[in-house]
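Each remark here refers to the structure printed beneath this line.
Residue numbers (the numbering used here): 197 to 626.
The following block contains the structure:
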């Protein structure tokens, strides 16, 4: 049945199925008002009966471009279903077993990373002591550790490591979503100016004392992030949420709030306050406590669930607004929902630990080499990879220059630049 602009895709068919080259050609023919010449049919009229039946029935199995790791959201489909001008033809995607193994490996890597990272620090904690600490706080009949060691593990290190995992997963998934929504391979969670708004809110609380008794630094950062996103939404209200306008408007909003932050610091702050604010802006897991971890976990899990429901829709958006519309996707409404969710996730992350860059930029690109471009596999793998990446980065920040601690944002930039260059080289773009 033909899909209309406001109707959902055919019953039982996913966007991944409808992105089969035959479906894309049919959608484009309906959009153009006439059939497009089929060069392959003219060159080979005697196609196999099985292939014709499959095309007629509309059955497709997770078609991914050959060397799917090289497919990026910024490329439009060609007549063969691959990126325009690439000559890439779709091939069957990974099996369910391969996807399950990949996800299980990611979960195992995350659990192992958390267990090892909790031990790392200026004071070495053994696995037996960790087991005793967890057992005691879970109500098991075990002998507790000395109060000082127990507090070090349970009140400082465990919340810190869990916060790193949550923030890493959140920022990485937001990066993958924005790269698909904007069709810009350089998009990351701070593209919308939310990070700059959060910085302005935190500086207003610390330097000017605005809401210091009620909001605190985290509350001020969250309020500033929401204000910056509100301004972005106001500026985009009549633009149709075009991807180019989203990028440019986000950059403008970010520069505005960055200028406001610098103005407040230069006009009102002393040297000690400026140093403290600068350290917070660079990102650190040190302030993490159980209450902030619980709040971040609730928001992150809810946001990731909502984004997961749009996995098939993101596959369509990766091919452009016109193709997505011809497949029955409400592009404007989908972009609005996804932008709100990513802004909320980024706001909570920045308010909790400060601005940490490069996670949402490099992790999605690296994950595509392993998981492929289909978002129902890419999103959970990206979340796991982002969590593992930031857990280990935070562990390195604690011990690299001990007893001094390096801001996590500094290390993510130092590690992110060469990793991103490596990704570009693997893709043949450098």
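The beta carbon of each residue, even a glycine, is placed where N, CA and C say it ideally should be.
Span of the alpha helix (DSSP H) around residue 481: From DSSP, residue 481 is part of no alpha helix (DSSP H); its letter is neither H nor E.
Local conformation of residue 597 per DSSP, three classes: strand
Beta-carbon spacing of residue 473, residue 399 below 7 angstroms: yes
Check whether residue 537 and residue 503 have beta carbons under 7 angstroms apart: yes
Same chain only: Cβ atoms within 7 angstroms of residue 445, ignoring 5 sequence neighbours per side: 428, 431 and 432
Which listed residue (583, 330 and 369) has its alpha carbon closest to that of residue 361: 583
Three-state secondary structure assigned by DSSP to residue 509: helix
Where residue 524 falls: helix, strand or coil (DSSP): coil
Three-state secondary structure assigned by DSSP to residue 504: helix
Buried/exposed call for residue 563, threshold 16 Cβ in 10 Å: buried
Residue of 357, 417 and 607 minimising C-alpha distance to residue 587: 357
For residue 319, the three-state DSSP class (helix, strand or coil): coil
Assigned secondary structure, residue 258 (DSSP; H/G/I helix, E/B strand, else coil): Legend: pLDDT at residue 258 = 42, less than 50; position of this residue unreliable, no value from coordinates given.
Ordered list of alpha helix (DSSP H) runs contained in the segment 370-450, each at least 4 residues: 390-404 and 412-431
Neighbour-count burial assignment, residue 560, 16 or more Cβ in a 10 Å radius: buried
Residue 424 vs residue 546 beta-carbon contact at 7 angstroms: no
Length of the line joining the Cα atoms of residue 414 and residue 548: 6 angstroms
Other residues of its chain near residue 507: CB distance less than 7 angstroms, five sequence neighbours each side excluded: 571, 572 and 575
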